[in-house]
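As structure tokens, the structure follows; a few thoughts come after it.
Residue numbers (this note's numbering), protein chains in the order written: chain A, 1 to 407; chain B, 1001 to 1208.
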């Protein structure tokens, strides 16, 4: 670790890259596209026949190989099968052709590549409250493929830049093109470069939204959940910015996506238009929560340790709308502890104390509860908490230190 | 982290070409200076150590570096690094950061326990180093500078897809954080440099 080297932030690089790559697709606000006007432009088993698209697919095959073998891919057969099932549901005519990879990156994002493979960031799973919301994001990405946005934007880009070879594009700097919110991780070795290829216009994003909403409705997901996703994202961005004394970025010159506010409004209109009175829709919340239950502590851990207290607290409060539990109370305490302002230690203590009352409190809640008690001089209670921690986690990596504290 | 260090290397190259000097640490100027095999002060001078062989010390940049933090490397910061924290006071930060940044490394508090210090370092890796996974391998008591200290062993997966491994040995003495930290590519470099690190830790003396 070079403490000195981390002074140059990745965000500065990202902004530079985004400015270089996303200079198209700006302009006046896009009029809403009606979901019923959206039809898939390809059928099952689609394969390219044009030479340029065949070349693009060949490059994508190599990219997919690299991504599939990346250290960042979460190798969990149950989750992989679940995501495959979701994209198989809302993938329209190409449903059975898609591949989907879950990568461990704590940001809100998912992206579709031109040859039909999708990448979902783990931070997306944390933020979704039910399967319908996840399906909405995946349906949006499927919409890009079904409407052939990649090759359309690729040809458009080639016209504009007079670049004749895919290789010369691949050499370009990574930028903000394809995803919902790219975060700092756009600089990932393959993703950053590949994303620079796909700069969807606002019109294409509006098409993908409309196509996605239609796919949701066709598969009995409540279409309104997609606008709820955007409402949650706006809320999170507002909370994060407010905490740091800033205003939320509401879309600017270099944004290829419509602003979140406009997008939420359009998606709500789509949902109203699509929802059939009397038809039974199912957000499939229970199935979603039970599927991600095992990975949820990791997802929360990855988010909270970024010490973005406004965003983390908003996310925890949002998830707690479905009910508080020991896990959420524990991570609420972690938010306070890492925020580390005067009085936060007391707030953290209270959250840890509340967490351990729940039967699902993680072992770490007992550890931090014990540390809080120890710092307050309540050594007997601290010892009891530490004992509980070691009982729950007998092979705890910090067992030696904890035993020393127990005396 | 690789990306960050790449930027540092680019910045270094620019400095060298602008100055037109050798950049060896002996003549002219570079981002790195030579650490000889002799007792040397680190950070703000409140701690000194002896390197078992010559090392490269990252020069401090006025107004941007934290005065009580210093970084060394043997093979370049992408592969390995040894960092020193020489008596950091309460409410100080390990690195300078914009206070409007969404994600921030927590400040050091003098009443922090070893798990809290480890958590502060973990946030440093995640927020500024691009770590997407960090695992504690062990946290145990260990004397350091004659005080009751700690040893934290850990490994982390960074956005450049490389696993790195680290060891931090430290203690809070009179409310100040003293710490030496090794962080290197898990494959080969960590094991290769661990004996140097242990020798440096064993040689550490506190001043002031």
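Every residue, glycine too, gets a C-beta built ideally from N, C-alpha and C. Model, not experiment: these values are computed from the prediction.
Restricting to Cα atoms, I'd like to know which of A:332, A:345, A:354, A:396 is closest to residue 428 (chain A). Not covered by the structure: residue 428 (chain A). The range shown for chain A is 1 to 407.
Using the beta-carbon of each residue, which ones in chain B are nearer than 7 Å to residue 240 (chain A)? By one-based count along the first chain, residue 240 (chain A) stands at place 240. The answer, in chain order, is 1102.
Whole angstroms is fine: what's the gap from residue 1198 (chain B)'s alpha carbon to residue 1088 (chain B)'s? Mapped onto the second chain, residue 1198 (chain B) falls at position 198. Mapped onto the second chain, residue 1088 (chain B) falls at position 88. Cα-Cα distance, rounded: 21 Å.
Taking any Cβ of chain B, which residues in the segment 350 to 379 of chain A have a Cβ under 9 Å from it, in chain order? 367, 368, 371, 374, 375
One or two residues paired with residue 110 (chain A) in a DSSP bridge: Locating residue 110 (chain A) in the first chain gives position 110, counting from the first residue. DSSP, once it has assigned bridges, lists A:120 as partnering residue 110 (chain A).
So with CB distances below 9 Å, who are the chain B contacts of residue 245 (chain A)? As a working note, residue 245 (chain A) is residue 245 in the first chain. Those within 9 Å of residue 245 (chain A) in chain B are 1099, 1100.
Mind listing which residues of the segment 102 to 136 of chain A have their C-beta closer than 8 Å to chain B's C-betas, in chain order? 104, 105, 106
Would you call the segment 101 to 109 of chain A and the segment 41 to 48 of chain A in contact, with 3 or more CB pairs under 8 Å? Note that the segment 101 to 109 of chain A does not touch the segment 41 to 48 of chain A; fewer than 3 beta-carbon pairs, one per stretch, sit closer than 8 Å.
Cutoff 8 Å: residue 1119 (chain B) Cβ touching any chain A Cβ: Counting from one through the second chain, the residue named residue 1119 (chain B) turns up at place 119. Interface residue, yes.
Counting pairs of beta carbons, one from the segment 1128 to 1148 of chain B and one from the segment 392 to 402 of chain A, are three or more of them closer than 8 Å? yes
Between the segment 79 to 86 of chain A and the segment 47 to 67 of chain A, do at least 3 Cβ pairs fall closer than 8 Å? no
Let me make sure I understand the geometry here. Which of A:125, A:113, A:356, A:137 has the alpha-carbon closest to that of residue 90 (chain A)? The residue labelled residue 90 (chain A) in the question sits at position 90 within the first chain. Here the closest residue by C-alpha is A:137.
Taking the C-alpha atoms as reference points, what is the distance between residue 182 (chain A) and residue 111 (chain A)? Position 182 of the first chain, counting from 1, holds the residue named residue 182 (chain A). Position 111 of the first chain, counting from 1, holds the residue named residue 111 (chain A). Because residue 182 (chain A) sits at a pLDDT of 35, beneath the cut-off of 50, its placement in the model cannot be relied upon, and the following sentence gives the value as read from the coordinates. Rounded to the nearest whole angstrom, the CA to CA distance from residue 182 (chain A) to residue 111 (chain A) is 10 Å.
Specify the secondary structure class of residue 405 (chain A) as computed by DSSP and reduced to three states. Sequence index remark: in the first chain, residue 405 (chain A) carries index 405 (1-based). In the structure shown, residue 405 (chain A) sits in a helix (DSSP, three-state: H, G or I).
Could you name the residues of chain B that residue 397 (chain A) contacts, counting a contact when the two beta carbons are closer than 7 Å? Taking the first residue of the first chain as position 1, residue 397 (chain A) is located at position 397. In chain order: 1136, 1137, 1138, 1139.
Among A:363, A:284, A:119, A:43, nearest to residue 96 (chain A) - alpha-carbon criterion: As a position in the first chain, residue 96 (chain A) is number 96, starting the count at 1. Considering only alpha carbons, the answer is A:43.
Hey, quick one: how far does the beta strand (DSSP E) through residue 1143 (chain B) stretch, first residue to last? Sequence index remark: in the second chain, residue 1143 (chain B) carries index 143 (1-based). From DSSP, the beta strand (DSSP E) with residue 1143 (chain B) extends over 1131 to 1144.
How about residue 404 (chain A): is its C-beta nearer than 8 Å to some C-beta of chain B? On the first chain, position 404 is the one that residue 404 (chain A) refers to. Taking Cβ atoms only, chain B reaches closer than 8 Å to residue 404 (chain A), which makes this a yes.
Can you tell me which residues form a DSSP beta bridge with residue 1183 (chain B)? Within the second chain, numbered from 1, the residue matching residue 1183 (chain B) stands at position 183. Paired residues: B:1081, B:1166.
Figure out for me which residue from B:1174, B:1043, B:1167, B:1122 has the closest Cα to the Cα of residue 1193 (chain B). Taking the first residue of the second chain as 1, we reach residue 1193 (chain B) at position 193. It is B:1167.
Counting only the same chain and skipping the five closest in sequence on each side, list residues whose C-beta sits under 8 Å from that of residue 152 (chain A). Against the first chain, residue 152 (chain A) aligns to sequence position 152. In chain order, 204 place their CB closer than 8 Å to the CB of residue 152 (chain A), counting only its own chain and leaving out the 5 sequence neighbours on each side.
Can you grab the Cα-Cα spacing for the pair residue 377 (chain A) / residue 383 (chain A), in whole Å? Counted from its first residue, the first chain places residue 377 (chain A) at position 377. Counted from its first residue, the first chain places residue 383 (chain A) at position 383. Spanning the two alpha carbons is a distance of roughly 11 Å.
From the DSSP output, in three-state form, read off residue 46 (chain A) for me. Translated into the one-based positions of the first chain, residue 46 (chain A) becomes position 46. Three-state result, residue 46 (chain A): coil.
Going by the beta-carbon positions, is the gap between residue 1156 (chain B) and residue 1125 (chain B) smaller than 8 Å? Counting from 1 along the second chain, the entry for residue 1156 (chain B) is found at position 156. Counting from 1 along the second chain, the entry for residue 1125 (chain B) is found at position 125. Going by C-beta atoms, residue 1156 (chain B) is nearer than 8 Å to residue 1125 (chain B).
Residue 1093 (chain B) lies in the beta strand (DSSP E); which residues open and close that run? To locate residue 1093 (chain B), count along the second chain from 1; it is residue 93. Neither: residue 1093 (chain B) is in no beta strand (DSSP E) and is coded neither H nor E.
The segment 49 to 79 of chain A: positions lying closer than 9 Å to chain B by Cβ: Under the 9 Å Cβ criterion, the segment 49 to 79 of chain A contributes 70, 71, 72.
Simplified DSSP assignment, three categories, for residue 267 (chain A): If you number the first chain from 1, residue 267 (chain A) lands on position 267. Residue state, collapsed to three classes: helix.
Let me make sure I understand the geometry here. Which of B:1174, B:1143, B:1051 has the alpha-carbon closest to that of residue 1036 (chain B)? As a working mapping, residue 1036 (chain B) is identified with position 36 in the second chain. Residue B:1051 is the option with its Cα nearest to residue 1036 (chain B).
Where DSSP assigns a beta bridge to residue 1088 (chain B), which residues make up the other side? Within the second chain, numbered from 1, the residue matching residue 1088 (chain B) stands at position 88. Looking at the DSSP assignment, residue 1088 (chain B) forms a beta bridge with B:1177.
Using a Cβ cut-off of 8 Å (strictly closer), state whether residue 1133 (chain B) contacts chain A. The sequence position of residue 1133 (chain B) within the second chain is 133, counting from 1. Output row for residue 1133 (chain B): interface = yes.
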